[in-house]
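**Student:** My questions will all concern the structure given below.
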Amino acid sequence: MSTFEPVLTSNITKENSHTLDFYQSIGGYSAIKKVLSMSPLEVIDVVKASNLRGRGGAGFPTGLKWSFVPKDSEKPIYLINNADESEPGTFKDRLLMNKAPHQMLEGMIIASYAIGCHTSFIYIRGEFYREYMLLEKVVAEAYENNLLGDNILGSDYSLDVVIHRGAGAYICGEETGLIESLEGKRGWPRIKPPFPAIEGYLQCPTVVNNVETLSCLPHIITRGADWFQSIGPEKGPGPRLFCVSGRVKNPGVFEEPMGIDLKDLIFEKAGGITNDNKLKAVFPGGSSSAILTAAEAIDVKMDFEELAKKKTMLGSAGVIVMDETVDMVHACLNIARFYAHESCGQCTPCREGTTWLVKMLTRMVKGRGTLKDINMLFEITDNIGGLIDFSKGSYGKTICPFGEAVAWPIRSFVEKFKDEFIKYLPQEKVAA
Amino acid sequence: MSNKDIHEDSFQYTDPDKVEKIFSQYPDKRSATLPLLHLAQTQGGYITSAIINTVAKLTEIHPAEVMDCVSFYTMFYSRQQGTYKLQVCQTLSCSLNGADDIVDHITQKYGTQPGETTSDGKFTLLKVECLGSCGTAPVIQINDDYHEGLSIKELDILLDSIP
Chain A
29 MSTFEPVLTS NITKENSHTL DFYQSIGGYS AIKKVLSMSP LEVIDVVKAS NLRGRGGAGF
89 PTGLKWSFVP KDSEKPIYLI NNADESEPGT FKDRLLMNKA PHQMLEGMII ASYAIGCHTS
149 FIYIRGEFYR EYMLLEKVVA EAYENNLLGD NILGSDYSLD VVIHRGAGAY ICGEETGLIE
209 SLEGKRGWPR IKPPFPAIEG YLQCPTVVNN VETLSCLPHI ITRGADWFQS IGPEKGPGPR
269 LFCVSGRVKN PGVFEEPMGI DLKDLIFEKA GGITNDNKLK AVFPGGSSSA ILTAAEAIDV
329 KMDFEELAKK KTMLGSAGVI VMDETVDMVH ACLNIARFYA HESCGQCTPC REGTTWLVKM
389 LTRMVKGRGT LKDINMLFEI TDNIGGLIDF SKGSYGKTIC PFGEAVAWPI RSFVEKFKDE
449 FIKYLPQEKV AA
Chain B
74 MSNKDIHEDS FQYTDPDKVE KIFSQYPDKR SATLPLLHLA QTQGGYITSA IINTVAKLTE
134 IHPAEVMDCV SFYTMFYSRQ QGTYKLQVCQ TLSCSLNGAD DIVDHITQKY GTQPGETTSD
194 GKFTLLKVEC LGSCGTAPVI QINDDYHEGL SIKELDILLD SIP
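Right under this line is the structure:
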């Protein structure tokens with residue numbers, strides 16, 4: 029592991045790393061030259077062989093997603109770059125957009141070519157205004173140099189890229205919510221199937237890929253699927269941007285091979301816990317993942333499969349660290365409030381359930397909770413997102429995975445730190 | 074509101090070229106809704122019913138469908154905000170690193186509760202959810218700009234420097 033060289037972030041500390049001149053000086057845009065001489069099917073095969081899995085949260089195999097797009101589509105095909113980064117604990121895509129935007133754009137061209145798309149969108153979250161302004165320049169620069177537009181680099185392939193700003197809605201990071209939003213509607217996720225690859229934007233075949241996923245593509249093309257596959261675990265290889273925040277000395281984005289020990293991320297990369305306090309709990313993959321206790325966290329690898337075994341997930345690889353000073357009931361309320369605010373309101377279990385959670389947890393921190401409330405918290409989370417039982421796969425009570433994204437973390441708080449919840453109950457109610 | 078009112082209540086974009094450019098980027102008209110609302114809000118400060126009606130006419134959808142977007146997305150405002158919107162992230166990583174103190178400090182400094190605007194119309198204090206910059210918590214976004222990892226003292230210097 030010590031031989032790992034950063035791939036996606038290798039140049040981000042260099043001056044003007046966002047410019048086309050710089051990117052070309054380090055060999056940028058050579059991958060699209062190679063791609064334009066390949067057939068789209070060959071490109072899909074390379075990406076499939078690399079075993080690249082989506083970096084947005086769900087971890088779906090990218091090549092497989094592309095292969096669902098109908099080959100004989102009479103309708104236009106769209107690629108959407110999901111730059112709506114809004115999972116609490118995640119701040120890697122913003123870094124890539126600021127420091128290596130051409131790498132991402134080259135990835136978009138590769139993906140577009142592979143699926144036969146001629147109009148591609150960057151859906152960037154509305155709050156990232158400076159990044160939006162930068163991307164406008166980056167895209168214009170690419171057009172001026174025949175890297176976008178008609179007949180890219182003299183080939184017969186043409187592609188337009190449009191930057192679309194969101195307007196403040198977490199749910200628009202969910203691919204079908206994003207598509208609705210792009211269509212000029214509120215971001216209400218759609219029932220799947222049909223999957224976006226068949227009927228997405230304007231009912232046309234659409235692929236939605238995350239910024240980091242796309243940024244991997246130029247490297248896969250240049251260095252080959254075998255090289256990518258050789259980094260980290262077989263079932264989900266590659267470099268990964270791990271974001272570490274919360275109660276650590278040196279928070280930040282760390283590019284490491286998939287499968288790094290969570291302990292190393294926290295104690296080495298992020299410099300350990302603030303004030304050398306004791307570790308208490310960790311979100312391994314954004315606030316939608318179930319939390320791990322300190323004992324669980326120091327003994328787990330940051331890998332899709334390993335984390336699933338611990339009944340949580342790698343998600344967006346946003347690690348949020350909580351130390352001994354953190355009040356778990358307050359932290360739980362903070363997360364519940366986030367989800368209540370961001371629930372799109374379409375499905376009753378989620379809309380009502382998240383509000384209930386906030387009401388109950390607020391009552392609890394004010395010292396007005398009852399023992400019954402604790403069981404009720406389990407009941408509500410079960411109603412929103414099903415039990416955490418991967419073996420039974422019992423999810424799907426809401427249209428989109430937001431339900432599980434609320435239920436899993438909240439339930440894990442109550443399950444793993446029940447003592448702290450009980451401490452908030454008035455004494456007479458505990459006795460009763 | 075009668076149909077007649079809807080049509081008379083209109084808003085003028087100061088830069089029609091920008092409107093045209095927006096439409097040229099999308100395969101259909103409705104997709105232009107969010108960009109048109111952003112553009113209008115930059116011009117007018119908040120979304121009025123005149124803006125809603127104008128956007129509806131341009132995109133050929135019902136004003137209620139435009140209103141749907143205005144009420145759904147947090148970045149569209151239905152009433153006048155202060156010149157400077159102080160948007161304090163309150164989600165977990167920021168909260169664990171002093172975001173609550175920042176809100177309290179601004180509340181005391183200007184006598185405004187979250188959601189309120191100072192009487193001179195200069196500042197509006199807003200509590201917002203995750204701004205996607207957890208590594209530099211606490212984060213406050215003032216209008217379009219992120220200010221990251223500020224102590225209360227640094228925040229004071231920043232706020233006092235705003236003319």
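In the order they appear, the protein sequences are chains A and B.
Counted the way this note's numbering counts, the first sequence spans residues 29 to 460.
Counted the way this note's numbering counts, the second sequence spans residues 74 to 236.
We put the beta carbon where it would ideally sit given N, CA and C, even for glycine.
From a predicted model like this one, the values you see are computed outputs, not experimental measurements.
Tell me H192 of chain A's beta-bridge partners as DSSP assigns them.
**Tutor:** Here residue 192 of chain A refers to the residue found at position 164 of the first sequence. In the DSSP output, where bridge partners are listed per residue, H192 of chain A has A:Y151.
**Student:** Could you tell me which chain B residues have their CB closer than 9 Å to the CB of F366 of chain A, listed as they occur along the chain?
**Tutor:** Taking the first residue of the first sequence as position 1, residue 366 of chain A is located at position 338. Those are Q163, T164, L165, E202 and C203, listed as they occur along chain B.
**Student:** Would you decide whether S78 of chain A is buried or exposed? Buried here means 16 or more other CB atoms lie within 10 Å of its CB.
**Tutor:** Here residue 78 of chain A is taken as the residue at index 50 of the first sequence, counted from 1. Buried, by the Cβ-count rule.
**Student:** Distance, Cα to Cα, K61 of chain A vs E159 of chain A?
**Tutor:** For this step, residue 61 of chain A is matched to residue 33 along the first sequence. For this step, residue 159 of chain A is matched to residue 131 along the first sequence. If I take the Cα positions, the gap works out to 27 Å.
**Student:** Does DSSP classify Q186 of chain B as helix, strand or coil?
**Tutor:** Within the second sequence, the letter at position 113 stands for residue 186 of chain B. Three-state DSSP puts Q186 of chain B in coil, outside helix and strand.
**Student:** Closer than 7 Å, Cβ to Cβ, to anything on chain B: give me those residues from the stretch 223-238 of chain A, in chain order.
**Tutor:** Taking 7 Å as the Cβ-Cβ cut-off against chain B, the residues of the stretch 223-238 of chain A that qualify are L230.
**Student:** Please compile the residues from chain B whose C-beta is within a distance smaller than 8 Å of the C-beta of V190 of chain A.
**Tutor:** Residue numbering aside, residue 190 of chain A sits at position 162 when the first sequence is read from its first letter. Result: Q98 and Y99.
**Student:** Does any residue of chain A have a CB that is nearer than 9 Å to the CB of R103 of chain B?
**Tutor:** Here the question's residue 103 of chain B lines up with position 30 in the second sequence. Interface residue, yes.
**Student:** Which one or two residues does DSSP pair with V310 of chain A in a beta bridge?
**Tutor:** Looking up residue 310 of chain A in the first sequence gives position 282. Answer is A:L320 and A:V349.
**Student:** Using a Cβ distance threshold of 8 Å, determine whether the stretch 202-216 of chain B contacts the stretch 155-170 of chain B, with at least three qualifying pairs required.
**Tutor:** They touch, by the three-pair rule.
**Student:** Of all the options A:G91, A:Q131 and A:E115, which has the alpha carbon lying nearest to the alpha carbon of F50 of chain A?
**Tutor:** Position 22 of the first sequence, counting from 1, holds the residue named residue 50 of chain A. Answer by Cα proximity: A:Q131.
**Student:** Just to make sure I have the definition right: I need the residues of chain B whose C-beta is within less than 9 Å of the C-beta of L210 of chain A. Which are they?
**Tutor:** For the purposes of this step, residue 210 of chain A is taken as residue 182 along the first sequence, with counting starting at 1. What L210 of chain A touches in chain B: Y99, S104 and L107.
**Student:** Nearest-angstrom Cα distance between D254 of chain A and G91 of chain A?
**Tutor:** The residue labelled residue 254 of chain A in the question sits at position 226 within the first sequence. The residue labelled residue 91 of chain A in the question sits at position 63 within the first sequence. Going from the Cα of D254 of chain A to the Cα of G91 of chain A covers about 15 Å.
**Student:** Would you please state the rounded distance, in angstroms, between the beta carbons of L242 of chain A and A139 of chain A? I believe it to be under 8 Å.
**Tutor:** Numbered from 1 along the first sequence, position 214 holds the residue referred to as residue 242 of chain A. Numbered from 1 along the first sequence, position 111 holds the residue referred to as residue 139 of chain A. L242 of chain A to A139 of chain A, Cβ: 6 Å. Contact.
**Student:** When you compare only the Cα positions, how much space is there between Q214 of chain B and L110 of chain B?
**Tutor:** Along the second sequence, one-based indexing puts residue 214 of chain B at 141. Along the second sequence, one-based indexing puts residue 110 of chain B at 37. Each residue's Cα considered, the two are about 20 Å apart.
**Student:** Going by beta carbon distance, what residues of the same chain come within less than 8 Å of E44 of chain A, once the five residues before and after it are set aside?
**Tutor:** For the purposes of this step, residue 44 of chain A is taken as residue 16 along the first sequence, with counting starting at 1. The question names Glu, but residue 44 of chain A is Asn in the sequence shown. Correct list, in chain order: F50.
**Student:** What residues in its chain sit with their C-beta under 6 Å from that of D188 of chain A, if we drop five residues either side in the sequence?
**Tutor:** As a first step, residue 188 of chain A is located in the first sequence; it is residue number 160 there, counting from the start. So the qualifying residues of the chain are T147.
**Student:** For the beta strand (DSSP E) holding Y219 of chain B, just list the boundary residues, first then last.
**Tutor:** If you number the second sequence from 1, residue 219 of chain B lands on position 146. Here the beta strand (DSSP E) through Y219 of chain B covers D218 to E221.
**Student:** Based on DSSP bridge pairs, tell me the residues matched to N237 of chain A.
**Tutor:** Here the question's residue 237 of chain A lines up with position 209 in the first sequence. The partner list for N237 of chain A (beta bridge, DSSP) reads A:N109.
**Student:** In chain A, what lies closer than 8 Å to H111 of chain B by C-beta?
**Tutor:** Stepping through the second sequence from its first residue, residue 111 of chain B is reached at position 38. Correct list: G154, R193 and A195.
**Student:** In three-state DSSP terms, what is Q455 of chain A?
**Tutor:** As a first step, residue 455 of chain A is located in the first sequence; it is residue number 427 there, counting from the start. Three-state result, Q455 of chain A: helix.
**Student:** Is F196 of chain B helix, strand or coil by DSSP?
**Tutor:** As a first step, residue 196 of chain B is located in the second sequence; it is residue number 123 there, counting from the start. Here F196 of chain B sits in strand by DSSP.
**Student:** Does the stretch 166-179 of chain A come into contact with the stretch 198-212 of chain A, if we say contact requires no fewer than three beta-carbon pairs (one atom in each stretch) closer than 8 Å?
**Tutor:** With a cut-off of 8 Å, the stretch 198-212 of chain A and the stretch 166-179 of chain A do not count as touching, because too few Cβ pairs lie within range.
**Student:** Excluding the five sequence neighbours on either side, which residues of its own chain have a C-beta within less than 8 Å of the C-beta of G421 of chain A, listed in chain order?
**Tutor:** Numbered from its first residue, the first sequence carries residue 421 of chain A at position 393. Because the pLDDT at G421 of chain A is just 47, under 50, the model does not fix this residue reliably, and the value given afterwards should be weighed accordingly. Same-chain partners within the cutoff: there are none.
**Student:** Of the residues A:W94, A:S317 and A:R275, which one's Cα is nearest the Cα of T353 of chain A?
**Tutor:** Start at 1 with the first residue of the first sequence, and residue 353 of chain A comes out as number 325. Of the candidates A:W94, A:S317 and A:R275, the one whose C-alpha sits nearest the C-alpha of T353 of chain A is A:R275.
**Student:** Ends of the beta strand (DSSP E) at P267 of chain A?
**Tutor:** Along the first sequence, read from residue 1 onward, the residue named residue 267 of chain A stands at position 239. Unbroken beta strand (DSSP E) run through P267 of chain A: P267 to G274.
**Student:** So with CB distances below 8 Å, who are the chain A contacts of G208 of chain B?
**Tutor:** Numbered from 1 along the second sequence, position 135 holds the residue referred to as residue 208 of chain B. Within chain A, the residues near G208 of chain B are F119, C271, V272, S273, P279, G280 and V281.
**Student:** To the nearest angstrom, report how far apart M388 of chain A and D173 of chain B are at their CA atoms.
**Tutor:** Position 360 of the first sequence holds residue 388 of chain A. Position 100 of the second sequence holds residue 173 of chain B. M388 of chain A and D173 of chain B: Cα-Cα distance of roughly 21 Å.
**Student:** Give me the DSSP bridge partner(s) of I215 of chain B.
**Tutor:** On the second sequence, position 142 is the one that residue 215 of chain B refers to. BP columns for I215 of chain B point to B:L159 and B:D218.
**Student:** For a contact defined as C-beta to C-beta under 9 Å, what are the partners of G215 of chain A on chain B?
**Tutor:** Here residue 215 of chain A refers to the residue found at position 187 when the first sequence is read from its first residue. Here the neighbours are F145 and Y146.
**Student:** Helix, strand or coil: how does DSSP classify K77 of chain B here?
**Tutor:** Along the second sequence, read from residue 1 onward, the residue named residue 77 of chain B stands at position 4. Because K77 of chain B sits at a pLDDT of 46, beneath the cut-off of 50, its placement in the model cannot be relied upon, and the point is left open.
**Student:** Can you tell me the Cα-Cα spacing of Q85 of chain B and D233 of chain B, whole angstroms?
**Tutor:** Taking the first residue of the second sequence as 1, we reach residue 85 of chain B at position 12. Taking the first residue of the second sequence as 1, we reach residue 233 of chain B at position 160. Spanning the two alpha carbons is a distance of roughly 35 Å.
**Student:** For the stretch 65-99 of chain A, list the alpha helix (DSSP H) runs that are entirely contained and at least 4 residues long, ordered along the chain.
**Tutor:** If we require 4 residues or more, the alpha helix (DSSP H) runs fully inside the stretch 65-99 of chain A come out as 68-78 and 90-95.
**Student:** Any C-beta of chain B sitting closer than 9 Å to the C-beta of G421 of chain A?
**Tutor:** Counting from one through the first sequence, the residue named residue 421 of chain A turns up at place 393. Interpretation of G421 of chain A is limited by its pLDDT of 47, a score under 50 that renders its predicted location unreliable; no figure is taken from the coordinates.
**Student:** Does any residue of chain B have a CB that is nearer than 9 Å to the CB of N44 of chain A?
**Tutor:** Within the first sequence, residue 44 of chain A is the residue found at index 16, counting from 1. No, N44 of chain A does not count as interfacial toward chain B.
**Student:** Taking C-alpha atoms, which residue in A:N110, A:A225 and A:C271 lies nearest to S101 of chain A?
**Tutor:** Position 73 of the first sequence, counted from the first residue, corresponds to residue 101 of chain A. Out of A:N110, A:A225 and A:C271, A:A225 has the C-alpha closest to the C-alpha of S101 of chain A.
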